[in-house]
Structures are given as structure tokens and as C-alpha cells.
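K.L.:
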Amino acid sequence: MSLLNRSNKPPVEAELNLIPLIDVMSVLVAFLLIYTADVAVVQNTKDVEIPQSTAETQAQQSVVVMITKDHVFVQGELVADVAEVNASSEPLVEPLRRVLDRPMLLGSGDDTGKATREVTVIADKSLPFDLVRKVMATCTATTYGKISLAVLQK
């Protein structure tokens, strides 16, 4: 005698319908392809609040110098502290100049292509202009002929 009452029904097989999943994925892929085609990707962090501009020209891919409230980075590499740069009486940021003089991924280090080499400066909008000017002067003292200041388009 058994205490459990089991029915003699055969087990029901589970069925997985992939067609709705494929439909959703195709809509997502189409959405991403359409809306990411004209977006310029510029390296950014949460520590930098970029100023706004009404400029119409798009940024070119270039070497990125980022100035946060605490540090200066080149292509994500820590170069200097903002406090040290502000405290220095030198017109150029020497650690930044040494890093920018190295051959970078985007262009060679020779002076023949100076007019075509470009650097983009991303700075927090609350930083003093003297600091940004010192960083930009350092960029022009190296092998970069063009400097862009990253802004948000209105």
C-alpha cells in the first residue's frame, strides 16, 4: 500500500519557442545600428562635466588629454596631479610634455606630420581656465599641430 497517490499520466515535455526571442533581438540590432552610426565616441569619465557648445563640426579621432578635478590623463594614463600643475610656476606641464612627445598610437612622433596630428582636450567645466590654458600650451609645444576642446553639442 502506497501513501502517495500518483497518477498514471505521461510527463509533459516543455517546449521552447525561439521565434519571439529572435524577433526581439533583430529589433534591438536594427535599433543599435541605426542610432549608433553617427555618434562620435570620445573617452569620458564620471569625474568630468563637459561644457556645452553650439559648434556644428564633429570631432576627429585623436589623442585624448583628460583633465579631471584631481588628475591629468593622456589616453587613460595618469600623467600629473592638478594640484601640482596649479602650484607650478612653469608655463608648461613637463610630465605631460614628456608623454605627448612619445610616439602615440594615432600618428608618429616626427615633425613632418605636425600639421595633421591632433589632440583633444577634455576638461571639467569647473576647472580654472589658467589650468586648461597651461595644458593646451603644453600640447602646442609638442608635435601636435591641432588642438580640439571637447564640448557637448546643444
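For the sequence shown, the numbering used here assigns the number 1070 to the initial residue and increments by one for each residue that follows. Even for Gly, the Cβ is constructed at its ideal location relative to N, Cα and C. A quick note: this is a predicted structure, and the numbers were derived from the prediction, not measured.
Under a CB-based cut-off of 8 Å, is PRO1089 close to chain B?
P.N.:
No chain B is present in this structure, which holds just one protein chain.
K.L.:
Measure the C-alpha to C-alpha separation of CYS1208 and VAL1188 and round it to an integer number of angstroms.
P.N.:
Your numbering for residue 1208 matches position 139 in the sequence shown. Your numbering for residue 1188 matches position 119 in the sequence shown. Roughly 7 Å separates the two Cα atoms.
K.L.:
If you drop the 5 nearest sequence neighbours on each side, which residues of the same chain put their C-beta closer than 6 Å to that of VAL1151?
P.N.:
Indexing the sequence shown from 1 puts residue 1151 at position 82. Cβ within range, chain order: ASP1139.
K.L.:
Tell whether a beta-carbon distance below 8 Å holds between LYS1203 and VAL1162.
P.N.:
Counting from one through the sequence shown, the residue named residue 1203 turns up at place 134. Counting from one through the sequence shown, the residue named residue 1162 turns up at place 93. Yes, these two residues count as a Cβ contact at 8 Å.
K.L.:
The beta strand (DSSP E) that contains LEU1097, what's its start and end?
P.N.:
As a position in the sequence shown, residue 1097 is number 28, starting the count at 1. Here LEU1097 belongs to no beta strand (DSSP E); instead the alpha helix (DSSP H) covers 1088 to 1104.
K.L.:
Assign ILE1216 to one of three DSSP states: helix, strand, or coil.
P.N.:
Residue 1216 sits at position 147 when you count from the first residue of the sequence shown. Three-state DSSP puts ILE1216 in a strand.
K.L.:
Taking the alpha helix (DSSP H) that VAL1201 belongs to, which residues open and close that run?
P.N.:
Position 132 of the sequence shown, counted from the first residue, corresponds to residue 1201. 1198 to 1210 is the span of the alpha helix (DSSP H), which, as asked, contains VAL1201.
K.L.:
Which one of ARG1166, VAL1141 and VAL1133 has the shortest CA to CA distance from THR1212?
P.N.:
Numbered from 1 along the sequence shown, position 143 holds the residue referred to as residue 1212. Ranking ARG1166, VAL1141 and VAL1133 by Cα distance to THR1212 puts ARG1166 first.
K.L.:
What separation, rounded to the nearest whole angstrom, lies between the Cα atoms of VAL1096 and ILE1088?
P.N.:
Numbered from 1 along the sequence shown, position 27 holds the residue referred to as residue 1096. Numbered from 1 along the sequence shown, position 19 holds the residue referred to as residue 1088. Each residue's Cα considered, the two are about 13 Å apart.
K.L.:
Please classify PRO1085: does DSSP put it in a helix, a strand, or coil?
P.N.:
The sequence position of residue 1085 within the sequence shown is 16, counting from 1. According to the sequence displayed, residue 1085 carries Leu and not Pro. Residue state, collapsed to three classes: coil.
K.L.:
According to the neighbour-count rule (16 or more other Cβ atoms, all chains shown, within 10 Å of its Cβ), is ILE1091 buried or exposed?
P.N.:
Here the question's residue 1091 lines up with position 22 in the sequence shown. Exposed, because fewer than 16 other Cβ atoms sit within 10 Å of the Cβ of ILE1091.
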